[in-house]
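Written out below as structure tokens is the structure these notes cover.
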Amino acid sequence: MNRVILMGRLTRNPEVRYTQGQDSMAIARYTLAVDRATKGGNQAADFIPCVAFNKAGEFAEKYFRQGMRVLVSGRIQTGSYTNKEGQKVYTTEIIIDTQEFADSKGENTKVTGNHSSNTDVDGFMNIPDGVDDEGLPFN
1 MNRVILMGRL TRNPEVRYTQ GQDSMAIARY TLAVDRATKG GNQAADFIPC VAFNKAGEFA
61 EKYFRQGMRV LVSGRIQTGS YTNKEGQKVY TTEIIIDTQE FADSKGENTK VTGNHSSNTD
121 VDGFMNIPDG VDDEGLPFN
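The sequence shown finishes on residue 139 if you use our numbering, and the numbering steps up by one all the way, no holes.
Structure follows, in structure tokens:
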């Protein structure tokens, strides 16, 4: 299996869509900028597309914002499609198994695709006491 663990900063707020039908599901897409050292000590970044489903997608929509540093684990998925010009385009993305804040000042909170730790009755994440969930103190 192609399992990966990455830590990087969100390049923009997650884009979230919901599937149609009775069992609607959140699908969150976001890109992580992951630092990479180059020859000569210069810094560069790789931009890694990520996809989170279900509760993990809902969590990303509610709490992840551009510039936050997050830690994710998941599997590499590749694919391809033909664009409007008739050219084959190859894709690579990380399908998220777990995701968490990397700069949390409180207890680390981890969300998996099917369940989460530190959840309340409705399955959403509990935010540590004293933290305003509208403006989480992460940068």
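Note that beta-carbon positions come from the ideal geometry of N, C-alpha and C, so glycine has one too.
All values derive from a computational prediction rather than experimental measurement.
- Give a yes or no on whether 7 Å exceeds the smallest Cβ distance from Gln87 to chain D. Looking for chain D here will not work: only one protein chain is present.
- My understanding is that Cys50 touches Ile96, with C-beta atoms under 8 Å, so please give their C-beta distance in whole angstroms. 6 Å between Cβ atoms; contact.
- Message: Whole angstroms are fine: how far does the CA of Arg29 sit from the CA of Glu15?
- Response: The straight-line gap separating the alpha-carbon atoms of Glu15 and Arg29 is approximately 5 Å.
- Expressed to the nearest angstrom, what Euclidean distance is found between the alpha-carbon atoms of Asn24 and Lys62? Note that residue 24 is Ser in the sequence shown, not Asn. Taking the straight line from one Cα to the other gives about 17 Å.
- Over the uninterrupted beta strand (DSSP E) stretch that includes Lys88, give me the two end residues. 88-101 is the span of the beta strand (DSSP E), which, as asked, contains Lys88.
- With a Cβ-Cβ cutoff of 7 Å, do Lys91 and Gly79 count as a contact? With the sequence shown as reference, residue 91 is identified as Thr, and Lys is not the correct amino acid for it. Contact: yes.
- Task: Could you tell me how far apart the beta carbons of Asp103 and Arg65 are, in whole angstroms, since I believe they sit closer than 8 Å?
- Result: Between Arg65 and Asp103 the Cβ distance is about 12 Å, and since that is not below 8 Å, they are no contact.
- Query: For Tyr81, which residues of its own chain have a beta-carbon under 6 Å away from its beta-carbon, when the five flanking residues on both sides are left out?
  - Reply: The beta carbon of Tyr81 is closer than 6 Å to those of Val89 in its chain, skipping five residues each way along the sequence.
- Residue nearest to Leu10 in terms of C-alpha spacing, selected from Glu100, Gly67, Gln77, Glu93: Selection Glu100, Gly67, Gln77, Glu93 evaluated against Leu10 yields Gly67 as nearest (Cα-Cα).
- Message: With the cut-off set at 7 Å, would you say Phe53 and Ile94 are in Cβ contact?
- Response: It is not a contact, given that the beta carbons lie outside the stated cut-off.
- First and last residue of the alpha helix (DSSP H) that includes Phe59? Note, Phe59: alpha helix (DSSP H), 54-63.
- Message: Considering just the uninterrupted stretch of the beta strand (DSSP E) at Asp35, what are its terminal residues?
- Response: Counting along the chain, the beta strand (DSSP E) containing Asp35 begins and ends at 26-37.
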